[in-house]
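J.: Got a structure here, written out as structure tokens. Questions coming.
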Amino acid sequence: MLETRDILETINMIDNENLDVRTITMGISLLDCMDEDIDKASVRVYDKVCRYAQDLVKTGEDIEREYGIPIINKRISVSPIGMIAAPCQSRNVVKFAQALDKAAFELGVNFIGGYSALVQKGFSAGDYAVIDSIPEALDITERVCSSVNIGSTKAGLNMDAVKMMGKIVRETAERTADRDCIGAAKLVVFCNAPEDNPFMAGAFHGVGEADCVINVGVSGPGVVRAALAKTGKDKSIDEIAEMIKKTAFKITRMGQLVAREASKRLCVPFGIVDLSLAPTPAVGDSVAYILEEMGLESCGCHGTTAALALLNDAVKKGGVMASSHVGGLSGAFIPVSEDAGMIAAAKNGSLDITKLESMTAVCSVGLDMIVVPGDITAETISAIIADEAAIGMVNSKTTAVRLIPAINKKAGDELSFGGLLGTGPVMPVRNGDPSVFINRGGRLPAPLQSLKN
Amino acid sequence: MKAVISVVGKDSVGILAKVSSACADCSVNIIEVNQSVLRDMFAMLMLAELENDTTIDLLREKLTEVEKQTSTKIHVMHEDIFNSMHRI
Numbered sequence: 153m154l155e156t157r158d159i160l161e162t163i164n165m166i167d168n169e170n171l172d173v174r175t176i177t178m179g180i181s182l183l184d185c186m187d188e189d190i191d192k193a194s195v196r197v198y199d200k201v202c203r204y205a206q207d208l209v210k211t212g213e214d215i216e217r218e219y220g221i222p223i224i225n226k227r228i229s230v231s232p233i234g235m236i237a238a239p240c241q242s243r244n245v246v247k248f249a250q251a252l253d254k255a256a257f258e259l260g261v262n263f264i265g266g267y268s269a270l271v272q273k274g275f276s277a278g279d280y281a282v283i284d285s286i287p288e289a290l291d292i293t294e295r296v297c298s299s300v301n302i303g304s305t306k307a308g309l310n311m312d313a314v315k316m317m318g319k320i321v322r323e324t325a326e327r328t329a330d331r332d333c334i335g336a337a338k339l340v341v342f343c344n345a346p347e348d349n350p351f352m353a354g355a356f357h358g359v360g361e362a363d364c365v366i367n368v369g370v371s372g373p374g375v376v377r378a379a380l381a382k383t384g385k386d387k388s389i390d391e392i393a394e395m396i397k398k399t400a401f402k403i404t405r406m407g408q409l410v411a412r413e414a415s416k417r418l419c420v421p422f423g424i425v426d427l428s429l430a431p432t433p434a435v436g437d438s439v440a441y442i443l444e445e446m447g448l449e450s451c452g453c454h455g456t457t458a459a460l461a462l463l464n465d466a467v468k469k470g471g472v473m474a475s476s477h478v479g480g481l482s483g484a485f486i487p488v489s490e491d492a493g494m495i496a497a498a499k500n501g502s503l504d505i506t507k508l509e510s511m512t513a514v515c516s517v518g519l520d521m522i523v524v525p526g527d528i529t530a531e532t533i534s535a536i537i538a539d540e541a542a543i544g545m546v547n548s549k550t551t552a553v554r555l556i557p558a559i560n561k562k563a564g565d566e567l568s569f570g571g572l573l574g575t576g577p578v579m580p581v582r583n584g585d586p587s588v589f590i591n592r593g594g595r596l597p598a599p600l601q602s603l604k605n
Numbered sequence: 007m008k009a010v011i012s013v014v015g016k017d018s019v020g021i022l023a024k025v026s027s028a029c030a031d032c033s034v035n036i037i038e039v040n041q042s043v044l045r046d047m048f049a050m051l052m053l054a055e056l057e058n059d060t061t062i063d064l065l066r067e068k069l070t071e072v073e074k075q076t077s078t079k080i081h082v083m084h085e086d087i088f089n090s091m092h093r094i
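Going line by line, the protein sequences match chains A and B.
For the record, in the first sequence the residue sitting at position 294 is 446 according to my numbering, with numbers rising by one throughout.
For the record, in the second sequence the residue sitting at position 45 is 51 according to my numbering, with numbers rising by one throughout.
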């Protein structure tokens with residue numbers, strides 16, 4: 153018989169501590185949908201996505217009901233459209249975004265990722281067309297997410313792409329200014345982008361992946377915080393790390409169970425479990441509160457980076473034994489607008505963009521969901537992207553930038569995206585003009601650690 | 007499949023009877039029961055055998071009614087959740 157204590161612990165995690173499976177994401181390869189004629193290609197894309205994912209939402213809901221655990225999102229990621237658009241003679245690649253959006257509505261998934269380009273070393277024809285069309289694509293569609301990989305430890309940074317992305321992020325925000333600049337919230341700029349990430353907005357189906365695959369993202373910052381609260385203030389750091397590891401293990405085992413079940417029912421191979429602590433705006437589901445529970449007065453004060461490093465590492469160590477395949481981003485996310493504790497810290501001034509930047513050196517992603525003043529220049533956005541990508545490149549880790557320029561707003565104002573994307577206070581950026589550096593273009597050489605062979 | 011049914015709430019007359027008759031209505035066989043009353047708080051865990059996966063919806067529906075009648079909190083969850091989370 154199961155232990156009473158274990159049963160009550162699990163029920164309490166789900167009922168009071170926001171334990172959930174954050175997403176079941178189906179990755180679908182579109183490599184066989186290419187065609188010179190863009191209309192034919194986009195019809196094929198729509199048909200294939202609808203055919204492969206027709207049971208995704210229903211299966212997710214069935215598992216949720218049978219097992220009694222919440223599965224918040226059912227999503228789809230596809231091959232980078234930059235590749236699929238390569239043979240097309242027409243440059244009107246936004247048709248692919250429309251096809252994906254239509255499929256997302258048809259299937260009932262809330263996001264579809266993969267309007268992406270991988271340009272860490274250079275552009276191909278399709279990549280240019282896709283990047284150029286991102287502002288329009290994110291304006292006219294609702295559920296499509298876009299990402300661009302502008303650098304890697306192996307290839308260095310494509311500074312031409314960095315320069316372009318500053319303009320694209322700004323233009324995307326401008327085009328959707330009437331909707332709280334929501335377009336920019338669906339656009340991520342990566343360095344070392346993982347090819348099997350199930351989390352949006354950065355999910356895409358990598359080229360080395362199978363035709364179709366199921367990836368699952370688990371969450372549970374509330375559970376970790378509650379576990380820490382029970383350990384008490386007098387425990388040493390070793391004991392805290394141990395407690396986080398044990399909790400991460402349990403959370404991930406649940407994710408692994410769901411992943412295995414979803415893969416079996418959909419007859420699609422299981423890819424990875426992404427064991428990330430992904431916060432939501434719900435009270436109690438915050439990564440910042442975990443850091444504060446460790447003993448920091450407010451997230452962002454000195455000590456935050458060390459606490460985050462401990463958390464990120466312990467989550468991975470606990471989770472890695474619980475799943476047969478761990479991948480994606482795996483670690484702690486720090487998206488400001490999606491985290492009640494981060495929002496509070498940003499509003500009271502203890503958390504600023506420079507502290508967030510140093511935190512990204514030890515967390516699993518990067519500058520995520522940060523609302524910046526509307527008068528920010530494209531060059532300054534590019535420079536923020538370059539700084540963040542340099543951290544990822546040198547440390548052989550994924551870093552990402554998801555900034556939302558709040559058009560016509562300034563520091564102290566607020567943007568509200570609703571739902572899981574939350575509410576973001578406008579955070580000031582540093583002064584000084586980096587435009588000469590950014591306008592140089594070219595390639596920033598890969599660091600010595602890329603020469604491992 | 008096996009499911010774990012948990013009932014927690016203020017003690018009153020007939021909680022066990024109502025829960026078990028809901029199970030009987032759905033042809034659910036109760037394998038183990040572990041029940042305790044601490045002061046006036048009632049806590050019960052049941053391990054039950056369900057004929058097939060579809061029965062769980064019906065059972066949950068019936069137990070939601072019991073939940074309302076008895077002012078308790080009732081959960082029905084697949085046994086595998088607990089096995090995978092708490093056993094290596």
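C-beta atoms are modelled at their ideal positions from N, C-alpha and C, and glycine is treated no differently.
Treat the numbers as computed from the prediction; the structure is a model and nothing was measured.
One question on the structure: do A/T512 and A/I543 come within less than 9 Å of each other, judged by their Cβ atoms?
T.: The residue given as residue 512 of chain A occupies position 360 in the first sequence. The residue given as residue 543 of chain A occupies position 391 in the first sequence. Taking 9 Å as the Cβ cut-off, A/T512 and A/I543 qualify as a contacting pair.
J.: List, from N- to C-terminal side, the beta strand (DSSP E) runs of 3 residues or more that fit wholly inside the stretch 551-595 of chain A.
T.: Fully enclosed beta strand (DSSP E) runs of 3 or longer: 551-558, 566-568 and 575-577.
J.: Against A/E394, what residues of chain B qualify as contacts under a CB-to-CB distance less than 9 Å, listed in chain order?
T.: Counted from its first residue, the first sequence places residue 394 of chain A at position 242. Going along chain B, no residue has its Cβ under 9 Å from A/E394, so there is no contact; the nearest lies around 16 Å.
J.: I'd like to know whether the C-beta of A/D187 is nearer than 9 Å to at least one C-beta of chain B.
T.: Taking the first residue of the first sequence as position 1, residue 187 of chain A is located at position 35. Answer no: the Cβ-Cβ gap between A/D187 and chain B never drops below 9 Å.
J.: On the DSSP letters alone, give me the boundaries of the beta strand (DSSP E) that A/D520 sits inside.
T.: Numbered from 1 along the first sequence, position 368 holds the residue referred to as residue 520 of chain A. From DSSP, the beta strand (DSSP E) with A/D520 extends over L519 to P525.
J.: Would you kindly report the start and end of the unbroken alpha helix (DSSP H) that includes A/S510?
T.: For the purposes of this step, residue 510 of chain A is taken as residue 358 along the first sequence, with counting starting at 1. Looking at the DSSP string, the run of the alpha helix (DSSP H) that includes A/S510 is I505 to T512.
J.: Consult DSSP for A/T175 and reduce its assignment to one of helix, strand or coil.
T.: Taking the first residue of the first sequence as 1, we reach residue 175 of chain A at position 23. Strand.
J.: For A/R217, list the residues DSSP reports as bridge partners.
T.: Within the first sequence, numbered from 1, the residue matching residue 217 of chain A stands at position 65. None; A/R217 has no bridge partner.
J.: For A/C419, count neighbouring Cβ atoms within 10 angstroms of its own Cβ and tell me buried if that reaches 16, exposed if not.
T.: Your numbering for residue 419 of chain A matches position 267 in the first sequence. Its Cβ having fewer than 16 others within 10 Å, A/C419 is exposed.
J.: So, does the CB of B/V25 fall closer than 9 Å to a CB anywhere in chain A?
T.: Locating residue 25 of chain B in the second sequence gives position 19, counting from the first residue. No, because no Cβ of chain A sits closer than 9 Å to the Cβ of B/V25.
J.: Is there at least one Cβ from chain B nearer than 9 Å to A/G220's Cβ?
T.: Taking the first sequence and counting its residues from 1, the one referred to as residue 220 of chain A is at position 68. So yes, A/G220 belongs to the interface.
J.: Beta strand (DSSP E) containing B/M50: first to last residue?
T.: Locating residue 50 of chain B in the second sequence gives position 44, counting from the first residue. It spans M47 to E55 - the beta strand (DSSP E) in which B/M50 sits, taken as one unbroken run.
J.: Give me the residue from A/A535, A/R331 and A/P599 with the minimum Cα distance to A/S587.
T.: Here residue 587 of chain A refers to the residue found at position 435 when the first sequence is read from its first residue. Selected option, being the one with the closest Cα: A/A535.
J.: What did DSSP end up calling A/M311 once you bin it into helix, strand or coil?
T.: What you label residue 311 of chain A is simply residue 159 of the first sequence in a count that begins at 1. It is helical.
J.: Which whole-angstrom value is the C-beta distance of A/A194 and A/F248, which I expect to be below 8 Å?
T.: As a position in the first sequence, residue 194 of chain A is number 42, starting the count at 1. As a position in the first sequence, residue 248 of chain A is number 96, starting the count at 1. The question names Ala, but residue 194 of chain A is Ser in the sequence shown. About 5 Å; that satisfies the 8 Å criterion.
J.: Could you check the C-alpha separation between B/S26 and A/T328 for me, to the nearest Å?
T.: Residue 26 of chain B sits at position 20 when you count from the first residue of the second sequence. Residue 328 of chain A sits at position 176 when you count from the first residue of the first sequence. B/S26 and A/T328: Cα-Cα distance of roughly 56 Å.
J.: Is it right to say A/D279 is buried, meaning 16 or more other beta carbons lie within 10 angstroms of its own, or is it exposed?
T.: Within the first sequence, residue 279 of chain A is the residue found at index 127, counting from 1. Under this definition A/D279 is a buried residue.
J.: Let's test the definition: count the other Cβ atoms within 10 Å of the Cβ of A/E540 and tell me whether it reaches 16, buried, or not, exposed.
T.: By one-based count along the first sequence, residue 540 of chain A stands at place 388. A/E540 comes out buried.
J.: Is there a C-beta anywhere in chain B that falls below 9 Å from the one on A/D172?
T.: Residue mapping note: residue 172 of chain A aligns to position 20 of the first sequence, counting from 1. With 9 Å as the cut-off, A/D172 does not count as an interface residue toward chain B.
J.: Is there a Cβ of chain B sitting closer than 9 Å to that of A/E155, yes or no?
T.: Start at 1 with the first residue of the first sequence, and residue 155 of chain A comes out as number 3. True, the Cβ-Cβ gap to chain B drops below 9 Å.
J.: Determine the direct distance from the alpha carbon of A/S298 to that of A/P373, and round the result to whole angstroms.
T.: Along the first sequence, read from residue 1 onward, the residue named residue 373 of chain A stands at position 221. Along the first sequence, read from residue 1 onward, the residue named residue 298 of chain A stands at position 146. If I take the Cα positions, the gap works out to 26 Å.
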